[in-house]
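The block underneath contains the structure these notes are about, expressed in structure tokens.
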Amino acid sequence: MRKKSFLSLSSPRLDYRNFAGLPGEPELLPPPKALTLHHPGRFRPAKAGLNIGDRVRRGQRLAIYEEQKEGVICPATGTVSAVGPFIGDLGRPYTAVTIAVEPDGEADDESAGAAGSLDLETAGRFFASLPGAPDFSVFFDSETPIRTLLVSGVDADLFVATNQYAVRRWPKEIKKGLSALSEVLSLERSVLALPGDIVQNYASVGATETVGVSPEYPSGIPRLVALAAMGEPLPAGDSMAEAGIAFMTAEAVAAIGRTVGTGRPPAEKIVTVINKDGGKRLVSVVIGTPIRHILDAAGIVVEEGDRIILGGPMTGTAVYSVDHPVTPATDALMIQAGKDIVKTSDYPCINCGECNRACPVNIQVNMLARFLEAGKYEEAEDLYELDACIDCGLCSFVCVSRIPIFQYIRLAKYELNRIRSIEEEEHE
Amino acid sequence: MSDSKKFIVSHAPFWHNGSSVSERHFNMIAAALPAVLFGLTQYGGPALAVIAFSVSTAMIWEMLLSAAMKRPQTVTDGSAALIGLLFAMLLPASSPWWLVLTGTFVSVVVGKMIFGGIGGNPFHPALLGYGILLVSWGDYFDFNEALRNYDLGFDMLYPLWSVKFFGPDAVAHFSAWDLLAGQQIGGIGATFGIGLIAGGLYLIARGFVRWEIPASFLAGVFVTAFIFHAAAPDRYAGPLFHLFTGYTLLGAFFLAPEDSSSPVNFIPMLIYGAGAGMLTMLIRNIGVYVDGVVFAVILMNIANPLIDKIRPKAIGKVA
């Protein structure tokens with residue numbers, strides 16, 4: 079919990095710099111005995127192209143379901159020990175593949191071949207599960223042609239240092255990744271967003287433009303990075319892809335650069351580990367490593383009633399098990415002591431307006447929250463600009479009544495999406 | 011590490027700035043205390059009785075109503091206590107017990123609970139209670155009559171009454187400093203201007219009161235009083251007199267900025283405050299009531315939902 083200051087003449091300010099000091103080189107953790115990979119898609123035993131006992135090799139592309147363009151690159155050599163369903167955040171279905179790791183197993187050179195003759199199809203197939211989880215689906219699905227690549231060298235959440243580490247440590251790899259992507263994706267622009275204080279050092283990394291991002295939270299949130307990069311806000315309700323922009327993190331671009339350069343896709347993810355006391359360190363772990371492994375290595379003891387968060391304090395996701403694996407998108411692992419947890423409440427809104435003043439995009443949150451509490455999602459969008467929300471969580475952070483406003487917002491967006499996709503299906 | 015450990019799973023964000031409803035209300039009560047304590051030194055035992063009875067009955071009404079409506083008990087959040095305190099601060103020290111009891115009933119039950127409790131009230135509950143009682147038993151709110159047995163060593167006529175019926179000459183002997191220092195009669199907690207200003211500045215600095223409302227309210231009073239005074243100096247008192255008498259300061263810092271019944275957007279807050287200040291002066295100078303703060307704020311409370319529609323478009327919204 080961050081207390082507000084005694085005097086609060088100005089609106090709440092959370093500064094990335096207060097939390098974001100770089101903690102030095104990451105500690106390399108040895109691979110665990112078993113890895114779990116979350117392959118997108120609902121588990122369908124009959125169609126699964128992978129069975130218990132199959133041998134898999136590092137660098138091999140695991141294609142579980144044939145029709146999917148995206149695959150998962152196996153991060154270690156070993157034997158499949160379990161395949162089963164997993165339900166992620168917001169009910170997203172995954173197929174969980176557990177691999178018993180063989181130390182010193184030989185690598186596969188399938189991706190090396192792919193990196194040699196790169197086209198969009200192979201990029202999508204081989205890069206999507208690299209550290210940083212670059213999203214290639216937008217290139218396949220978007221109706222708007224995507225001509226701009228936005229690479230974020232800042233971290234969306236407070237405390238997280240993963241992307242900042244990537245831009246400082248891997249400028250050459252980022253350059254290589256950018257040039258490969260520009261070619262494959264026939265980009266017109268590539269914009270590299272960086273913390274404002276180091277932006278002038280990065281003129282030569284190959285991006286057509288660099289842009290400095292304010293150090294004040296939530297300017298590292300992707301849609302606000304896009305605002306800083308494009309000079310104008312994305313139209314509310316449109317995804318970045320609909321605006322013709324693809325978004326990737328610097329870590330992802332660096333990983334692509336390394337794959338292209340060496341022919342070996344990196345399997346290690348940089349994770350910022352945030353301890354209960356706010357101390358942090360970087361670790362480099364194989365994707366799929368269970369959280370338990372990191373906690374043991376870092377000497378963090380979790381107690382009953384603590385909170386384990388994948389991601390940072392404002393936008394992360396709490397998980398219920400230390401067996402949850404590190405995914406390609408896990409930038410941080412945060413452990414919060416039970417005593418520091420502020421519980422949300424079912425108290426009514428007292429209309430103090432703190433949320434309105436905290437909102438970075440000027441949404442009338444006090445009214446929005448009333449509609450969301452009543453389940454009036456469509457009215458919330460029509461009348462109170464739900465679709466302009468950028469998911470920063472500041473409204474919940476400042477709420478005097480401790481209403482879980484951000485949770486209501488996410489639920490509403492999820493429900494509206496669900497309703498719309500059902501309507502579209504019925505229409506077809 | 012045992013697998014049986016259970017962790018707390020909840021939605022982001024996982025931090026909170028630590029603010030709470032009770033913190034807010036207890037700070038408002040604390041900020042009102044200087045003015046209340048001054049009132050106690052002036053009016054003694056009867057004032058203490060009115061305040062204690064008002065606060066306690068306000069809390070009891072809320073408890074009873076919560077129980078009757080089968081809703082969670084909210085009395086510990088300080089809201090009812092604050093309403094009781096503010097209501098008592100408006101009253102003359104000699105108010106009879108039944109007046110206080112009825113007033114807190116109207117404030118808490120009619121003003122707040124039947125609208126669904128905290129956050130649902132369209133008016134400031136204490137003002138609604140005071141307004142309804144003023145219309146019903148106006149005689150008990152005549153400060154000259156109510157405080158006739160007190161002699162505190164200064165002019166014991168209510169300044170706003172004097173100026174309304176005898177013109178500015180009748181109050182020429184009140185210096186602005188005397189008024190600020192509480193050398194005037196009035197509500198228990200409404201006369202000590204320095205204390206009210208100090209409390210109000212404390213609330214603004216801590217972020218419990220939005221500065222736009224008190225500032226625009228006082229500006230509205232000042233400008234309107236100035237215009238009246240400039241037009242007819244022999245009939246209307248000057249702006250400073252009106253700033254420091256009656257309920258002006260109490261209204262600016264404690265009554266008008268009540269969360270639920272006031273706007274939250276910037277321009278609406280300015281309109282709301284300035285409107286209330288202007289109406290105050292219109293009622294004082296050409297209305298039938300001696301003081302206009304209570305009805306001015308209630309009127310602007312009514313307009314609040316409409317005014318608060320004036321708001322900036324969200325970033326990214328077109329058309």
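Residue numbers (our numbering), protein chains in the order written: chain A, 79 to 506; chain B, 11 to 329.
Heads up, the beta-carbon is just placed ideally off N, CA and C, and yes, glycines get one too.
Note that this is a predicted model, so its numbers are computed, not measured.
| Item | Value |
| --- | --- |
| Where I293(B) falls: helix, strand or coil (DSSP) | helix |
| P181(A) burial status per 10 Å Cβ neighbour count (16 or more: buried) | exposed |
| T84(B), DSSP secondary structure in three states | coil |
| Of the residues K417(A), A415(A), R480(A), V420(A), the one placed nearest A447(A), counting alpha carbons only | R480(A) |
| Cross-strand partners of S163(A) (DSSP beta bridge) | With the sequence shown as reference, residue 163(A) is identified as Pro, and Ser is not the correct amino acid for it. For P163(A), which the question treats as bridged, DSSP gives the partners T173(A). |
| Alpha helix (DSSP H) runs wholly inside the stretch 283-355 of chain A, at least 4 long, in chain order | 300-308, 328-340 |
| Counterpart residues of E382(A) in DSSP-defined beta bridges | Answer is none; E382(A) lacks a bridge partner. |
| Touching by the beta-carbon criterion (3+ pairs, under 8 Å), the stretch 329-343 of chain A and the stretch 244-252 of chain A | yes |
| For E381(A) and M11(B), the rounded distance between their alpha carbons | Model confidence at M11(B) stands at a pLDDT of 45, short of 50, so the residue's coordinates are unreliable; what they give is reported in the following sentence. One C-alpha to the other measures close to 9 Å. |
| Nearest neighbour of N314(B), chosen from W107(B), G28(B), F133(B), I204(B) [CA to CA] | F133(B) |
| contact_flag[the stretch 28-38 of chain B, the stretch 215-228 of chain B] where n(CB pairs < 8 Å) is 3 or more | yes |
| Environment of D233(A) [buried if 16+ CB atoms lie within 10 Å] | buried |
| Reference G274(A), options S230(A), R301(A), G377(A), closest by Cα | S230(A) |
| Under 7 Å between C-beta atoms of I223(B) and P267(B) | yes |
| Contact the stretch 258-278 of chain B vs the stretch 427-443 of chain A: 3+ CB pairs below 8 Å | yes |
| R225(A) - partner residues in DSSP beta bridges | Answer is none; R225(A) lacks a bridge partner. |
| Short Cβ contact (7 Å threshold) for V331(A) with G255(A) | yes |
| Residues near S226(B) in its chain [Cβ-Cβ closer than 6 Å; skip 5 each side] | L280, G283, A284 |
| Where the beta strand (DSSP E) through V120(B) begins and ends | Looking at the DSSP string, V120(B) is not in any beta strand (DSSP E), and its letter there is neither H nor E. |
| Counted within 10 angstroms of its Cβ, other Cβ atoms place H505(A) as buried (16 or more) or exposed | exposed |
| Buried versus exposed call for H183(B) [16 or more other C-beta atoms within 10 Å across all chains shown] | exposed |
| Stretch pair the stretch 463-479 of chain A + the stretch 418-427 of chain A: three plus CB contacts closer than 8 Å | yes |
| Neighbourhood of V119(B) by C-beta distance below 7 Å, restricted to the same chain and skipping five residues each side | W71, L75 |
| Y518(A) versus T393(A) - alpha carbon distance | No answer is possible for residue 518(A): it lies beyond the span of chain A, which begins at 79 and ends at 506. |
| DSSP three-state assignment for Q194(B), whether helix, strand or coil | coil |
| Candidates R267(A), T288(A), R301(A), S268(A): closest to I276(A) by CA position | T288(A) |
| Spatial neighbours of S66(B) in its chain, beta-carbon cut-off 8 Å, leaving aside the 5 residues before and after | G94 |
| Touch test, the stretch 204-211 of chain A against the stretch 392-408 of chain A, Cβ-Cβ under 8 Å, three pairs minimum | yes |
| Beta-bridge pairing of T395(A) - partner residues as DSSP gives them | L388(A) |
| Residues within the stretch 379-410 of chain A neighbouring chain B, beta-carbon criterion of under 9 Å | V379, V380, E381, E382, G383, D384, R385, I386, I387, G389, G390, P391, M392, T393, G394, T395, A396, V397, Y398, S399, V400, D401 |
| Rounded straight-line distance, which links the Cα of T258(B) to that of G230(B) | 11 Å |
| For A271(A), the residue or residues it bridges with in DSSP | S230(A), V289(A) |
| Distance between G126(B) and V78(B) (C-alpha atoms, nearest Å) | Rather than Val, the amino acid found at residue 78(B) in this sequence is Ala. For A78(B) and G126(B), the distance between alpha carbons rounds to 13 Å. |
| Below-7 Å beta-carbon distance, N495(A) vs any chain B residue | no |
| Any chain B beta carbon closer than 7 Å to L312(A) | yes |
| C-beta neighbour in chain B for N434(A), strict 7 Å | yes |
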